[in-house]
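Beneath this line is the structure, given in structure tokens, with notes to follow.
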Ligand code: SIN
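Residue numbers (our numbering): 10 to 545.
Structural data, given as structure tokens:
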């Protein structure tokens, strides 16, 4: 066995799983980089609802059926099969046994399966409403015990190191695009180093922060998608941005997720004057209709009646002690903001939540660029189609993290140890960078991107909005690129550059696709749709 070096960019469930599985092989060196000062901070941490599995008296075929139904005709049956067949065993092996995660149980020790939209039966494992955090604490603790894993925090990747782009050898031009690591900005020392690797895995998470209203933390600004795009990777399905129907709409608590599990436990959406409205849009499933249908229904109620939010009532359907036990985080946050959810409904609005598309990968997590893998939300395995089934993303991160690791170990063993010469890699060139980034400019431009995306590339789209968004984003992209080329690096500047690039990718995909399907909805579409429910 050789001693390959694998660079993993990002440390959520998918990156951490890849690292753990790789490190089981003696001799493999793994470097995980995260821009966060504390590796616990990632999108995974904020996953409340849980992680799907196949319940004890359930069958993989049922989960496959539900994934395909939620995906509105665009989910890959092959990807759904892989998830449903491999997921439950890996969940047991990696999350329960390696990471020591203890999911909620009933008093008799049997698993407490939660219910979420479009799941034909309860099958969601959870740790209260802090499932993502429990998973990350377990995975990180195990990662720290592995001597061949190095974790670099406070380290923001600037760009992938790809040949021929970064090669000094003119003959490299004739080869396929191949990734050999990345240029990484040390946020403390403010220096850039090239980290050379035999394989690179993108695990940077999502892009919700390109929208004004989102459930995502600040790091979810499309870093991985933008750098893969600049390197020439194939990107697919980025018009399918999933909006979560219920983010908190209380001053000071904007974007805080109110888990779909609240509706799974019987919560009902109401207009501000107390009318339950989901039956008008989805008579059978009502509040547990597909997420895209519920989000658009809320948007329609708000827009046509001038409401600033709608309400989610769980207090009338579950006893107070049960609410406090099942949803301790949501209960505490709401109470802090003056809402006692056991006694009064919660004000909610939809918010950008998950990118169903991303860097195209095959069943092993391989992208279209040689030696570059992508796992988790930054990738598109095809699983989520046009609308992700709730609580499938954590499991997808585990399954494709495992698959990417297995493929890397098999492929590096079959190849020569190193194909590049360190002298062939140019050092980061800072000449011409004359000033420090002005935080006001960065914040202002970021807010402009977020407002454009929210108003023109949001839940309901049309040609006029999308072309306006693209014009404005192109102008901004040019300004930001000039700014980037003359300004000393900072994490904020790197993020802004990635955010505007990602916003353009999403807006262009949305404009290019005239067909309404799942979470991509155009008012002006004249094409038949897989599923279209807007007005009652
Ligand atoms: C939620 O708890 O509602 C989020 C779960 C998910 O997005 O899968």
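Positions of the beta carbon are idealized from the N, C-alpha and C atoms, including for glycine.
* Asked: DSSP on residue 36, reduced to helix/strand/coil?
  -> Note: residue 36 maps to coil in three-state DSSP.
Rounding to the nearest angstrom, what Cα-Cα distance links residue 325 and residue 331 in this structure? Near 12 Å, if we compare the C-alpha coordinates of residue 331 and residue 325.
- Who are residue 355's beta bridge partners in DSSP? Beta bridge pairing from DSSP links residue 355 with 321.
- Message: Rounded to the nearest angstrom, what separates residue 92 and residue 408 at their Cα positions?
- Response: Each residue's alpha carbon lies about 7 Å from the other.
Residue burial classification, residue 13 (beta-carbon count within 10 angstroms, cutoff 16): Residue 13 comes out buried.
inquiry  = For residue 204, list the residues DSSP reports as bridge partners.
reply    = According to DSSP, which records beta bridges pairwise, residue 204 is partnered with 191.
Item to check | Outcome for residue 491 when other beta-carbon atoms lying within 10 angstroms are tallied against a minimum of 16 | outcome: By the neighbour-count criterion, in which 16 or more other beta carbons inside 10 Å mark a residue as buried, residue 491 falls on the exposed side.
Applying the criterion that 16 or more other CB atoms from any shown protein chain within 10 Å of the CB defines a buried residue, is residue 167 buried or exposed?
Here residue 167 is buried, its C-beta having at least 16 other C-beta atoms within 10 Å.
- prompt: Quick one: does the C-beta of residue 94 sit closer than 7 Å to a heavy atom of the ligand SIN?
  reply: No.
- Task: Confirm the yes/no value for this check: CB of residue 118, any heavy atom of the ligand SIN, distance under 7 Å.
- Result: No, the beta carbon of residue 118 sits no closer than 7 Å to any heavy atom of the ligand SIN.
Practice item. Flag residue 269 as yes when its Cβ comes closer than 7 Å to any non-hydrogen atom of the ligand SIN, and as no otherwise. Key: The answer is yes for residue 269.
* Looking at the structure shown, is residue 475 part of a helix, part of a strand, or coil, going by DSSP? -> Three-state DSSP puts residue 475 in a helix.
Among 410, 203, 459, which residue has its Cα nearest to the Cα of residue 435? Check the Cα spacing between residue 435 and each of 410, 203, 459: the tightest is with 203.
By DSSP, does residue 542 sit in helix, in strand, or in coil? Low per-residue confidence applies at residue 542: pLDDT is 49, beneath 50, and the placement is therefore not dependable, though the value from the model is reported in the following sentence. Look at residue 542 here: in three-state DSSP terms it is coil, with no helix or strand label.
Selection from 314, 350, 243 that minimises the alpha carbon distance to residue 376: Checking every option, the nearest Cα to that of residue 376 belongs to 243.
Handout entry: residue 254 burial status per 10 Å Cβ neighbour count (16 or more: buried)
Key = Buried.
- Item | Buried or exposed (CB count within 10 angstroms, at least 16 for buried), residue 10 | Confidence in residue 10 is poor, its pLDDT being 48 and thus under 50, which makes the residue's placement too unreliable to answer from.
| request: Provide the residue(s) that pair with residue 61 in DSSP beta bridges, ordered along the chain. | output: Partner(s): 133.
Check your understanding: Which runs of the beta strand (DSSP E) spanning at least 3 residues fall entirely within the region 352–398, listed in chain order?
Key -> You should have 355–364, 367–369, 381–383.
- Item | Endpoints, the beta strand (DSSP E) within which residue 17 is located | 14–18 is the extent of the beta strand (DSSP E) around residue 17.
Query raised in the report: If you pair each beta-carbon of the region 136–152 with each one of the region 101–108, do three or more pairs fall below 8 Å?
Result: Short answer: they touch.
*Where residue 10 sits in the DSSP three-state scheme*: Unreliable positioning characterises residue 10 in this predicted model, as indicated by a pLDDT of 48, which lies under 50. The coordinate reading is nonetheless provided below. Here residue 10 sits in coil by DSSP.
> When the Cα atoms are used, what is the spatial distance from residue 29 to residue 155?
Replying inline: Residue 29 and residue 155 have their alpha carbons spaced roughly 8 Å apart.
Under the three-state reduction of DSSP, which class applies to residue 250: helix, strand or coil? Under the three-state reduction of DSSP, residue 250 is assigned to strand.
Taking the alpha-carbon positions, what's the residue 446 to residue 505 distance? So the two alpha carbons sit approximately 11 Å from each other.
Between which residues of its own chain and residue 370 is the CB-CB distance below 8 Å, once the five residues before and five after are set aside? Within the same chain, residue 370 has close Cβ partners 376, 382, 383, 384, 388, 389, 390, 409.
Taking all protein chains shown into account, decide if residue 115 is buried (16 or more other Cβ within 10 angstroms of its Cβ) or exposed.
-> By the neighbour-count rule (16 or more Cβ atoms within 10 Å), residue 115 is not buried but exposed.
| field | Backbone CA spacing between residue 25 and residue 152 [nearest angstrom] | value | Our two residues, residue 25 and residue 152, have alpha carbons roughly 7 Å apart in a direct line.
Consider the C-beta atom of residue 58 and the heavy atoms of the ligand SIN; say whether any pair is separated by less than 7 Å. Yes - the ligand SIN has a heavy atom lying nearer than 7 Å to the Cβ of residue 58.
Margin query: Less than 8 Å between the C-beta atoms of residue 348 and residue 259, yes or no?
Written below: Yes, these two residues count as a Cβ contact at 8 Å.
Does DSSP classify residue 298 as helix, strand or coil?
Residue state, collapsed to three classes: coil.
Requested in this report: Under the assumption that residue 458 contacts residue 219 (Cβ atoms under 8 Å), give the Cβ distance between them as a whole number of angstroms.
Outcome: Right, the Cβ-Cβ distance comes to about 6 Å (below 8 Å), so this counts as a contact.
My guess is that residue 232 and residue 130 are in contact by the Cβ rule of under 8 Å, so how many angstroms apart are they, rounded?
No, residue 232 and residue 130 are not in contact; Cβ-Cβ is about 37 Å, not under 8 Å.
Quiz item: Taking one C-beta from the region 390–401 and one from the region 69–89 each time, how about it: are there three or more such pairs within less than 8 Å?
Solution: Yes, the region 390–401 touches the region 69–89.
### For residue 6, the three-state DSSP class (helix, strand or coil)
Residue 6 lies beyond the stretch modelled for the chain, which goes from 10 to 545, so this question has no answer here.
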